[in-house]
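Residue numbers (this note's numbering): 3 to 274.
See below for the structure under consideration.
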């Protein structure tokens, strides 16, 4: 009988940038941050990121683990929608230049890093999680990113390291009033302000949840013949936005990986 695997996937930049922000915060009121101070911030970020990773490994005791990083160049979503994540604060250059050292720190704990070529880290994580789930094995995604919530299922869990809690179906229901497998349709209607993705103008979170709970899905809503005229007109006027959202909101789950689960097995484990 095959041993039960537990893969921990770390949304690396989600973890690192939040830890970096804590280290940087005391210096933000200064007019200028010296190079020496920047070095200290990076040093503290590396130390605390390693501590976080060690805590994650101790708590979850995974058989396999991987830290996944975004590609350096703009991912494919920018080609489809140039305003994707427009206005989001860029990563500080000194942090960008220090990622290799942070990855070395991960490797010291036995956790390798993977960087995408054309896709976002989210797409790679989704691909890995789904492939492992299809084998009946378990994955825990370490991230605060709501984009992973549609993946929640029997074999895929999402854990918020900073709040020390699982973002599960109860969390999704309380926050969005829909099921996890309805979230992409929900965000297609509401838009995703975090990533600057437009939704259907005039449909907010409450109306979106009501529509999805009534008709089950976006396709059910679009096929309905009993919609209020005002809602039907809003949907009609936002056809291009709906098509865009349905193209870029879902995470890819079919990226060729070029490695096997055994390649990211933690050293202390003997079974893949």
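Glycine included, each C-beta is placed from N, C-alpha and C at the ideal position.
Cβ neighbour criterion (16 or more within 10 Å) applied to residue i
i: residue 149; result: buried
i: residue 267; result: buried
i: residue 26; result: buried
i: residue 16; result: buried
i: residue 228; result: exposed
i: residue 36; result: exposed
i: residue 196; result: exposed
i: residue 159; result: buried
i: residue 105; result: buried
i: residue 13; result: buried
i: residue 184; result: buried
i: residue 64; result: buried
Extent of the continuous beta strand (DSSP E) run through residue i
i: residue 8; result: 8-13
i: residue 117; result: 114-117
Sheet register partners of residue i (DSSP bridge)
i: residue 159; result: 142
i: residue 73; result: DSSP lists no partner for residue 73.
i: residue 267; result: 66
i: residue 199; result: 194
Range of the contiguous alpha helix (DSSP H) that encloses residue i
i: residue 243; result: 241-250
i: residue 207; result: 207-217
i: residue 222; result: 220-225
i: residue 174; result: 171-178
i: residue 125; result: 123-136
Cutoff 6 Å; reference residue i; Cβ partners in own chain excluding five residues on either side
i: residue 50; result: 21
i: residue 353; result: Summary: the structure shown does not reach residue 353, with the chain confined to residues 3 through 274, and so no result is reported for it.
i: residue 139; result: 7
i: residue 161; result: 142, 144 and 168
i: residue 269; result: 112
i: residue 275; result: Given a span of 3 to 274 for the chain in the structure shown, any question on residue 275 remains unanswerable.
i: residue 262; result: none
i: residue 47; result: 21, 22 and 25
Contacting residues, own chain, Cβ-Cβ under 7 Å from residue i (five flanking each side not counted)
i: residue 176; result: none
What are the complete beta strand (DSSP E) segments, minimum 3 residues, inside the region 44-109?
-> 66-71
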